[in-house]
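Read top to bottom, the protein sequences are chains B and X.
The opening residue of the first sequence carries number 18 in the working numbering; numbering runs sequentially from there.
The opening residue of the second sequence carries number 18 in the working numbering; numbering runs sequentially from there.
Number of protein chains: 2
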Amino acid sequence: MSVIYERVALIGLGLIASSMAHAMRRAGVADEITGFARSAETRDVARDIGFCDRVCDSAAEAVAGADLVVLCVPVGAMGAVAAEIASALKPGATLSDVGSVKRAVIDAVAPHLPEGVHFVPAHPLAGTEHSGPSSGFAELFDNRWCLIVPQEGSDRAAVTRLESFWQALGALTDEMDADHHDLVLAVTSHAPHLIAYTMVGVADDLRRVTDSEVIKYSAAGFRDFTRIAASDPTMWRDVFLNNKDATLEILGRFTEELFALQRAIRIGDGDHLHAYFTRTRAIRRGIIEAGQDTDAPDFGRARKA
Amino acid sequence: MSVIYERVALIGLGLIASSMAHAMRRAGVADEITGFARSAETRDVARDIGFCDRVCDSAAEAVAGADLVVLCVPVGAMGAVAAEIASALKPGATLSDVGSVKRAVIDAVAPHLPEGVHFVPAHPLAGTEHSGPSSGFAELFDNRWCLIVPQEGSDRAAVTRLESFWQALGALTDEMDADHHDLVLAVTSHAPHLIAYTMVGVADDLRRVTDSEVIKYSAAGFRDFTRIAASDPTMWRDVFLNNKDATLEILGRFTEELFALQRAIRIGDGDHLHAYFTRTRAIRRGIIEAGQDTDAPDFGRARKA
């Protein structure tokens, strides 16, 4: 594959940035990858692994001369990083990010941008429950969606170039408006994460069921929740604080439905339960048909670590 | 391996029963496996696959002469099946089941049992989102727990024989009291399933986010919920109706915690969120250390069907 951006700078060197670097090398889409992380320890680990050509000791140094700069820090830190690098950005460069929330990131980043820099926010829908520079791998984005959120007046060439870049990293791309993105993600990701965190916390609190029982007998259902609830706490704190309205709206609807099902259990309305559970089965079928999961029965199957 | 029960009868021929038959053959623990299912179509499929030596046209015929009879029907059907087979059970035989709820099954089955039959309820913590006779496979129970719930006055030899049988099928076994079983499972399985069903239903209802968006962008979090929410509707209706008190108690606690986290989001209390999310991470680590899941980052990783 041919080079899409001569120099790419990654600000923040966790799971997403390190996976991007591995995937960029696999695809050969950048001549040079520079990187910066706030923590000296993270920079040292990144240097040891070597997924960047240069790990710099300041964000400004990392972005100098870069054709693409990608902010890979928690959503709550995006504004401060943008302020820090703004004056070092090369004219004509594209600035993007990988934040799970788009409206709040745009509001925080846009005011700092100098003329002549193309701001094209993006969000790759990929991740694992692991975090940090050593958790990245080149295949993370393969066959996953990356949502691109062009701004009013965005340069089309800059937008399509970023889309080609993500496609080269293995992703499928779609364009979406920021507010709609935040609502869709509240449904498909943010509310489910809060629910999983909550359920795992409840299990941990319940003294009549020991932690070791929760751990030993977590075969069916709860185990998947614990996987979700092991995601990076800082990232998720920032997601909820920055996608407050959509998340609270979805959680409100969730609680309403949950109360209706609880009531059906209490009064013994089996027909209501059966009809509800039959309907949800169809959605799963759709996801498998869309190629976003396998229907191999690995849920509950024996797996040894 | 040597034979543990000469003849084993499986009543109900879905995912669990068909997996048991495959695993019994793998282990060589039974000379003959008989089976019965209420639906003629299921019996025909089972005959085609051939995991039983004989598929019978009545439950009484299937259990005649069996040394072990295992009820593999939904929890709500156990009582009626027990009444139907009671007079055909061989003296000295063991009657067991695989229901996800134990107190209600014991209350429904025990009154029908003739003298001289050993009733040893059990619950293998294994399953997939698929159901029916063609979804079974021999490895389903490998390294999973099977909880054995001996009754007051249970014959120890009958209990340990059933434990050896499940171990031969690949499972780990533990003994537990029926009420404690129902509480533990409410936490690790029943409440999480209801929550997953609810969230998938909410997504389906939300008209501003299309079903196709929910399906396409279900990478992070929601996809695992849809897998859980694709489980068999009849089985789960019966679980909730028959483990009502424990499930409602856990859901009550869940709602309390969820409201506390929603409030933290609303007032912007990032410290509360961060502390909560950090605590839930530790449980995941425990599950991996207990060998009940892998820490390979398959959550969000590209998978093609």
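Idealized CB from N, CA, C, for every residue including glycine.
These figures come from a predicted structure and were not determined experimentally.
In this structure the stretch 88-106 of chain X does not touch the stretch 185-199 of chain X; the number of beta carbon pairs closer than 8 Å is below three.
Taking Phe271 (chain B) as the centre and dropping the five residues before and after it, the same chain places the C-beta of Ala208, Ile212 closer than 8 Å to its C-beta, in chain order.
Using a Cβ distance threshold of 8 Å, Ile21 (chain B) and Ser181 (chain B) count as a contacting pair.
Leu202 (chain X) carries a helical assignment under DSSP once its states are collapsed to helix, strand and coil. Residue pairing for His291 (chain X): DSSP places it in no beta bridge. Taking 8 Å as the CB threshold, Ile165 (chain B) stays off the interface with chain X. Residue state for Ile50 (chain X) is assigned as strand, using DSSP reduced to three classes.
With respect to Gly67 (chain X), Arg24 (chain X) sits apart: the two C-beta atoms are not nearer than 8 Å. By the Cβ neighbour-count rule, Ala155 (chain X) is buried, with 16 or more other Cβ atoms within 10 Å of its own. A direct Cα-Cα distance of roughly 45 Å separates Val176 (chain X) from Glu273 (chain B). Against chain X, the CB of Val90 (chain B) has no partner CB under 8 Å away; the residue lies outside that interface.
Between the alpha carbons of Cys69 (chain X) and Phe136 (chain X) lies a distance of about 23 Å. When secondary structure is reduced to three states using DSSP, Arg24 (chain B) falls in the strand class.
In this structure, DSSP gives Arg240 (chain X) a helical state, which the three-state scheme calls helix. The beta carbon of Ala26 (chain X) sits closer than 6 Å to the beta carbons of Thr51, Ala79, Val80, Ala83, Val86 from its chain, once the five residues preceding and following it are set aside; these are given in chain order.
A Cβ-Cβ contact shorter than 8 Å links Ala143 (chain X) with Leu157 (chain X).
Residue pairing from DSSP places His140 (chain B) in a beta bridge opposite B:Leu164. His129 (chain X) and Cys73 (chain X) have their C-alpha atoms spaced approximately 22 Å apart.
By the neighbour-count criterion, in which 16 or more other beta carbons inside 10 Å mark a residue as buried, Ala195 (chain B) falls on the buried side.
Linking Arg55 (chain B) to Gly149 (chain X) through their CA atoms gives a straight-line distance of about 53 Å.
Bounds of the alpha helix (DSSP H) holding Leu32 (chain X) are 32-44.
Contact between Pro138 (chain B) and Lys119 (chain B) holds: their C-beta atoms lie close to 5 Å from each other, under 8 Å.
Residue burial is scored here from C-beta neighbours: Asp199 (chain X) has at least 16 other C-beta atoms within 10 angstroms and is therefore classed as buried. In the DSSP annotation of this structure, Asp172 (chain B) is not part of any alpha helix (DSSP H), being labelled neither H nor E. Separation of Ser229 (chain B) and Phe239 (chain B) (C-alpha to C-alpha, rounded to the nearest whole angstrom) is 14 Å. The shortest C-alpha to C-alpha distance from Leu179 (chain X) to any of X:Thr205, X:Leu202, X:Gly170, X:His140 is the one to X:His140.
As the crow flies, the alpha-carbon of Leu258 (chain B) is around 31 Å from that of Gly133 (chain B). As a beta-bridge residue in DSSP terms, His135 (chain X) pairs with X:Thr111.
Taking C-beta atoms as the reference points, Val204 (chain X) and Val92 (chain B) fail to come closer than 8 Å. At a cut-off of 8 Å, the C-beta of Pro209 (chain B) has a neighbouring C-beta in chain X.
Across the stretch 234-259 of chain X, CB contacts with chain B closer than 7 Å involve Tyr234, Ser235, Ala236, Ala237, Gly238, Phe239, Arg240, Asp241, Phe242, Thr243, Arg244, Ile245, Ala246, Ala247, Pro250, Thr251, Trp253, Arg254, Phe257, Leu258, in sequence order along the chain. Judged by their CB atoms, Asp191 (chain B) and Leu164 (chain B) are nearer to each other than the 8 Å cut-off. Three or more beta-carbon pairs separated by less than 8 Å link the stretch 242-251 of chain X to the stretch 283-303 of chain B, which places the two stretches in contact.
For Glu146 (chain X), same chain residues with a beta-carbon under 6 Å away, outside a window of 5 residues either side, are Arg244, Ala247, Ser248 in chain order. Beta-bridge annotation (DSSP): Leu85 (chain X) is paired with X:Val25, X:Thr111.
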